[in-house]
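This report refers to the structure that appears directly beneath it.
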Amino acid sequence: GNSVTQMEGPVTLSEEAFLTINCTYTATGYPSLFWYVQYPGEGLQLLLKATKADDKGSNKGFEATYRKETTSFHLEKGSVQVSDSAVYFCALSRNAGNMLTFGGGTRLMVKP
Amino acid sequence: EAGVAQSPRYKIIEKRQSVAFWCNPISGHATLYWYQQILGQGPKLLIQFQNNGVVDDSQLPKDRFSAERLKGVDSTLKIQPAKLEDSAVYLCASSFFDRGSNEQFFGPGTRLTVL
Numbered sequence: 001g002n003s004v005t006q007m008e009g010p011v012t013l014s015e016e017a018f019l020t021i022n023c024t025y026t027a028t029g030y031p032s033l034f035w036y037v038q039y040p041g042e043g044l045q046l047l048l049k050a051t052k053a054d055d056k057g058s059n060k061g062f063e064a065t066y067r068k069e070t071t072s073f074h075l076e077k078g079s080v081q082v083s084d085s086a087v088y089f090c091a092l093s094r095n096a097g098n099m100l101t102f103g104g105g106t107r108l109m110v111k112p
Numbered sequence: 001e002a003g004v005a006q007s008p009r010y011k012i013i014e015k016r017q018s019v020a021f022w023c024n025p026i027s028g029h030a031t032l033y034w035y036q037q038i039l040g041q042g043p044k045l046l047i048q049f050q051n052n053g054v055v056d057d058s059q060l061p062k063d064r065f066s067a068e069r070l071k072g073v074d075s076t077l078k079i080q081p082a083k084l085e086d087s088a089v090y091l092c093a094s095s096f097f098d099r100g101s102n103e104q105f106f107g108p109g110t111r112l113t114v115l
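So the sequence lines, in the order shown, correspond to chains A and B. 1 is the number of the first residue of the first sequence in the working numbering; add one for each residue after it. 1 is the number of the first residue of the second sequence in the working numbering; add one for each residue after it.
Structure, rendered in structure tokens:
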């Protein structure tokens with residue numbers, strides 16, 4: 001079956017540090033890949049997505065590249081801010097209209 | 001554009017009691033999902049509707065959980081009777097079924113505590 005594995009947190013960084021959150025997946029075929037973010041007290045929001053191999057999703061300074069050869073979709077940001085503190089979820093979907101399979105989430109804490 | 005609405009936001013019940021959650025998806029979204037998010041874990045799909053038909057309910061504990069989507073718009077999720085392990089956040093999501101887009105929009109969730 002489909003599964004997503006992401007690095008456990010919490011990840012604690014100082015402001016302006018470089019961020020990487022690792023995500024690997026197992027799926028048949030060619031799934032779409034997503035990063036969702038959950039800010040404190042808020043619902044899940046789509047951060048970025050990629051629908052085919054070698055696609056790069058980007059938003060708000062975050063990037064992730066769909067690597068089929070390594071079945072990975074690592075999230076990166078060059079300079080984090082305190083406001084980036086949240087829980088980040090990697091997820092995959094087999095097809096349009098299909099359910100999302102989520103990883104366990106990684107809590108990011110950014111200190112001033 | 002209004003987002004996905006859910007109510008109540010919080011609910012505390014005793015074990016063996018019943019509880020119901022309500023979801024109103026984004027207007028025009030044919031697909032509706034209910035996810036269960038246990039503390040410290042990622043959301044897990046319980047049931048998926050396409051209009052008012054069930055697409056996937058393979059992970060729904062049918063002995064105690066039920067869901068319906070009458071008229072293909074609003075949906076309710078019910079737990080009867082609740083167990084301690086049902087304590088979680090119940091998320092509703094919707095999407096506009098389109099082969100070119102599979103973005104799901106999530107509501108704020110209902111946090112259920114079973115004592």
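Note that the Cβ used here is the ideal one computed from N, Cα and C, for glycine as well.
Each residue's CA atom was taken as its position, placing F49/B and F106/B some 15 Å apart. Residues of chain B with a Cβ closer than 8 Å to the Cβ of F89/A are, in chain order, G42 and P43. If you keep only unbroken beta strand (DSSP E) runs of at least 3 residues inside the segment 10-55 of chain A, you get 11-14, 19-21, 23-26, 32-38 and 44-50. Secondary structure of V82/A (DSSP, three-state): helix.
A direct Cα-Cα distance of roughly 31 Å separates W35/A from K83/B.
By the neighbour-count definition (other C-beta atoms within 10 Å, threshold 16), F65/B is a buried residue. In this structure, T65/A lies away from T24/A, with their beta-carbon atoms at least 7 Å apart. Of all alpha-carbon atoms in Y88/A, V110/A, T101/A and M109/A, the one lying nearest the alpha-carbon of Q38/A is that of Y88/A. A check of alpha carbon separations from T28/A across Q81/A, S93/A, G104/A and K111/A identifies S93/A as the nearest.
By the Cβ neighbour-count rule, I12/B is exposed, with fewer than 16 other Cβ atoms within 10 Å of its own. Judged by beta-carbon spacing, F62/A lies beyond the 7 Å limit of L46/A, meaning their Cβ atoms are not closer than that value. The shortest C-alpha to C-alpha distance from S14/A to any of Y30/A, G105/A and G78/A is the one to G78/A. For L44/A, a Cβ of chain B is located within less than 7 Å of the residue's own Cβ. Close CB contacts of T12/A within its chain, under the 6 Å cut and outside five residues either way in sequence, are with M109 (chain order). Residue burial is scored here from C-beta neighbours: I38/B has fewer than 16 other C-beta atoms within 10 angstroms and is therefore classed as exposed.
Looking from the CA of C23/B, the closest CA among Y90/B, F97/B and K44/B belongs to Y90/B.
Shown here, K71/B sits in a helix according to DSSP, grouped into three states.
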